[in-house]
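This report concerns only the one structure given below.
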Amino acid sequence: MKPIHLIPLANGAGAGAGWAHEPELSLLEQLAASLARTFRTPCRIRPDRFDLSFSRDERRNQYYSTAIIQRLERAADPDARVLGVTACDLFVPVLTFVFGEAQLGGNCAVVSTARLNEEFYGLPRREEMLLERLIKEAAHELGHTFGLRHCMDWRCVMASSHAVERLDVKGADFCKACRTTIVEEGYW
Ligand SMILES: [Zn+2]
Ligand SMILES: [Zn+2]
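Counting in this note's numbering, the sequence shown runs from 5 upward without gaps.
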């Protein structure tokens with residue numbers, strides 16, 4: 005099983021003004037610990053930040069996730085699974101937004117915390133809810149890199165979820181069938 009590398013993605017275009025929409029380190033640390041347990045492989049946070057300003061769509065004020073994944077793939081260590089994590093809001097052209105995107109059977113995935121936060125919906129911030137949603141979304145996108153498609157079992161983390169309500173009802177674990185695929189793909 006390849007190790008997982010978390011890469012913090014932020015907008016570094018505002019030279020002098022620093023990085024914008026960086027994911028919080030404490031959140032990344034908790035995510036890394038959870039993913040290491042779920043996938044039973046080391047998961048570490050890469051110290052270098054990755055600038056995703058190139059992928060920004062001015063009109064939408066969002067970042068194009070497919071372009072980010074392509075760029076991550078070129079920069080990434082081929083002997084690791086790579087998950088980019090950002091607080092920037094992501095999109096693909098046919099959808100209003102995405103929580104994340106992954107290469108099916110590939111090496112790279114990306115997730116955003118932008119819409120996992122209760123503050124986005126005008127509600128008070130809830131740290132534990134943000135973390136729980138991020139853990140599910142990250143496991144889901146990484147699941148796609150093992151070749152998994154969406155699962156019909158609504159409790160499985162591979163169930164499709166394009167709204168936070170759907171994320172909240174599903175579990176953080178893989179069902180038996182999905183877990184088996186991960187074990188086989190990952191050569192445990
Ligand atoms: Zn999916
Ligand atoms: Zn499943």
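We put the beta carbon where it would ideally sit given N, CA and C, even for glycine. Keep in mind that this is a model prediction, so the values were computed, not measured.
Beta-carbon contacts of residue i that lie in its chain and below 7 Å, excluding the five residues immediately before and after
i: Thr-185; result: Phe-150, Gly-151 and Leu-152
Any non-hydrogen atom of ligand 1 closer than 8 Å to residue i Cβ
i: His-9; result: no
i: Ser-164; result: yes
i: His-200; result: What is shown of the chain runs 5 to 192, which leaves residue 200 out entirely.
i: His-25; result: no
DSSP-derived helix/strand/coil call for residue i
i: Asp-55; result: strand
i: Phe-95; result: strand
i: Glu-105; result: strand
i: Asp-83; result: coil
i: Ser-116; result: strand
i: His-25; result: coil
i: Gly-88; result: strand
i: Ser-172; result: Residue 172 is actually Asp in this sequence, not Ser. Reduced to three states, the DSSP call for Asp-172 is helix.
i: Ala-14; result: strand
Contact test: residue i Cβ vs ligand 2 heavy atom, cutoff 8 Å
i: Val-161; result: yes
i: Ala-106; result: no
i: Phe-150; result: no
Spatial neighbours of residue i in its chain, beta-carbon cut-off 6 Å, leaving aside the 5 residues before and after
i: Val-115; result: Val-89, Gly-104, Glu-141, Ala-142 and Glu-145
Contact with chain B by residue i, beta-carbon distance below 9 Å
i: Phe-178; result: Included in the structure is just one protein chain, with no chain B present.
Same chain, Cβ closer than 8 Å to residue i, neighbours up to 5 away in sequence not counted
i: Gly-190; result: Met-5, Lys-6, Phe-43, Thr-45 and Phe-150
Report yes or no: do the stretch 54-72 and the stretch 154-168 share at least 3 C-beta pairs separated by less than 8 Å? no
For the pair the stretch 32-45 and the stretch 67-82, tell me if three or more CB-CB distances fall below 8 Å. no
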